[in-house]
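Encoded as C-alpha cells, the structure appears first; notes follow it.
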Amino acid sequence: MPALISTTPPSIPGGFRAEMLAADGRRESGDSGVDCDSPQDIEFTTSTGEHPLRFDTERRAHAQGRNTTTWDRVHTPVVVSSRRGSKEDPLEMLRRYKTVMIVDDSSSMEGGSWVEAREALAGLADAAAKYDQDGIDVHFLNDHRVGTNMKNGVEVKRLFDHVQPNGITPTGEKLEELLLAYMDRLERAREQDPEGEFKLIKPINFIVITDGAPTDDPESVIVSIARRLDVGHFPLMQVGIQFVQIGTAEDTAEALRELDDGLAHQHGIRDMVDTTPYTGSEFNTELLVKILLGGINRRVDRYGAAAVV
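130 is the number that the UniProt record's numbering gives to position 130 of the sequence shown; each next residue is one higher, with no gaps.
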C-alpha cells in the first residue's frame with residue numbers, strides 16, 4: 001500500500017486502521033501520497049542501491065556546523081551475523097513486528113537536532129522497511145500529521161519537511177494514545193475472534209526519537225501497559241519501546257536511563273524498554289541492530305548488538 005499522510009488526529013492511530021487512497025490517480029502514477037513543496041530539494045535514485053538523498057545541503061551544513069558535499073547519502077548496511085560463521089540476519093526478527101516511529105517535534109528540536117532526527121529516521125525507515133512489507137508508521141509528539149506505510153527514507157524526509165518543531169515534549173501522552181489503541185484492539189480481537197483477527201495482529205515495536213526529557217509522565221503509562229500485558233499473559237515481546245536520544249544532554253540521558261533500567265525491577269513488571277544514544281554518525285550494523293531490536297530483544301537490550309551480530 002502506498003505511503004499516506006494524515007493531517008488530522010485519528011480516532012485509531014494510523015498504524016491500526018485501514019487507509020484508502022483518494023481516487024486522484026496517485027496509484028496509477030506511482031505517487032507515494034507524500035507531497036513535496038520543493039521537489040528540487042529532494043532527489044531519489046535506486047540505480048546504485050544506496051538510496052542517495054539530496055536536500056537543501058547548505059541548510060543542513062549550517063545546522064550541523066560542518067561542510068558538506070553536494071550529495072549526502074544514507075547508507076543502510078547489509079546486516080549479517082558473524083557469530084560462528086552464521087549468515088543469519090538478526091533484523092529478520094522485524095518481519096514479525098509492526099514498526100512505529102514517534103518523533104519529538106518540540107521546540108528544543110529546532111536546528112541541528114531536527115536535522116539529526118530527520119537523518120536518523122530516514123536511515124531507520126530504509127532498514128526497517130526491508131523487513132516490513134507494509135512499511136512503517138511515523139507519528140509526532142505535537143503535530144497531527146501521521147505517515148503510514150512509509151517504505152523508504154525519501155518518504156520520511158518529505159513528511160519531515162511539512163512539520164515545524166514547536167511546543168513541549170508530551171512523550172507520555174503520545175505513548176498512551178498509541179498503546180491504548182493497540183491494547184484495546186489486541187484484547188478485543190482475542191476475546192471476539194481468537195482464530196481470526198487476533199492471529200493477524202503483529203507485535204509492535206515503538207521507536208521514540210527525542211532530544212529532551214519528557215514534560216509529562218511516560219513512566220506511569222509504560223508501567224500501566226506492562227501490567228496489562230502481564231495480566232493478560234501476552235508474550236514478553238508483544239510490545240517493545242526504544243528511546244533514541246538525539247544529542248548528549250545529560251538530563252535527557254538520565255531520564256531515559258530511568259525508563260530503561262529501573263522500571264522492571266522497581267515495579268515488578270516485564271522489561272520492554274531500551275535506550276540508545278545517536279550523535280549523528282552514519283548508521284552501521286551495530287547501531288541499526290541496537291536501535292531496531294533493543295526494545296524487543298532483551299539480549300540486545302542488555303548486551304548490545306554484539307549479542308546477535
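We put the CB at the ideal spot given by N, CA and C, even for glycine.
Model, not experiment: these values are computed from the prediction.
Does the beta-carbon distance from residue i to residue j come in below 8 angstroms?
i, j, result
"aspartate 274", "glutamine 242", "yes"
"isoleucine 209", "valine 100", "no"
"leucine 229", "arginine 270", "yes"
"glutamate 116", "tyrosine 278", "yes"
"aspartate 132", "leucine 94", "yes"
"alanine 125", "isoleucine 136", "yes"
"arginine 96", "proline 203", "yes"
"valine 231", "leucine 263", "no"
"glycine 268", "serine 113", "no"
"glutamate 197", "alanine 189", "yes"
"leucine 259", "glutamate 219", "yes"
Which residues in the same chain as residue i place their Cβ atom closer than 7 angstroms to its Cβ, once the five residues preceding and following it in sequence are excluded?
i, result
"valine 300", "Val289, Lys290, Leu293, Gly294, Ala307 and Val308"
"serine 11", "With a pLDDT of 47 at serine 11, under the threshold of 50, the modelled position of that residue is not reliable, and the figure given next carries that caveat. Once the five neighbours on either side are set aside, serine 11 has no close Cβ partner at all."
"arginine 257", "Thr275"
"serine 106", "Leu141, Asn142, Pro165, Gly167, Ile168, Thr169 and Gly212"
"alanine 128", "Leu94, Thr99, Ile136 and Leu292"
"methionine 20", "Because methionine 20 carries a pLDDT of 33, less than 50, the predicted location of this residue cannot be relied on, and the following value inherits that uncertainty. Result list for methionine 20: empty, nothing under 7 angstroms."
"alanine 23", "Its pLDDT being 36, under 50, alanine 23 is placed unreliably in this model, and the value from its coordinates should be taken loosely. None."
"isoleucine 201", "Arg185, Leu186 and Ala189"
I'd like the list of long-range same chain contacts for residue i, defined as Cβ closer than 6 angstroms, with 5 residues on each side in sequence excluded.
i, result
"residue 317", "What the structure shows of the chain is the stretch from 1 to 309, and residue 317 is not part of that stretch, so it cannot be assessed."
"valine 239", "Ile204 and Met272"
"glutamate 110", "Pro165"
"isoleucine 207", "Met101 and Gln242"
"proline 235", "none"
"isoleucine 296", "Asn205, Met237 and Gly240"
"phenylalanine 283", "Gly123"
"aspartate 251", "Ala213"
"glycine 280", "Glu116"
"lysine 130", "none"
Rounded C-beta distance between residue i and residue j? I'm assuming under 8 angstroms.
i, j, result
"methionine 272", "alanine 226", "6 angstroms"
"aspartate 211", "alanine 249", "7 angstroms"
For residue i, which residues of its own chain have a beta-carbon under 8 angstroms away from its beta-carbon, when the five flanking residues on both sides are left out?
i, result
"serine 29", "With a pLDDT of 40 at serine 29, under the threshold of 50, the modelled position of this residue cannot be trusted; read the value that follows with caution. Excluding residues within five positions, none has a Cβ falling inside 8 angstroms."
"proline 214", "Thr169, Pro170, Thr171, Gly172 and Ala255"
"glutamate 191", "none"
"arginine 118", "Val156, Lys157 and Phe160"
"glutamate 92", "Tyr131"
"serine 108", "Pro165, Thr169, Asp211 and Gly212"
Legend entry - Sequence ranges, beta strand (DSSP E) only - wholly within the UniProt domain "VWFA" (100-259), length at least 3: 136-140, 146-150, 204-210 and 239-246
Inset, instruction - Note down, one range per segment and in chain order, each alpha helix (DSSP H) of at least 4 residues found wholly within the region 256-282. - result: 263-267
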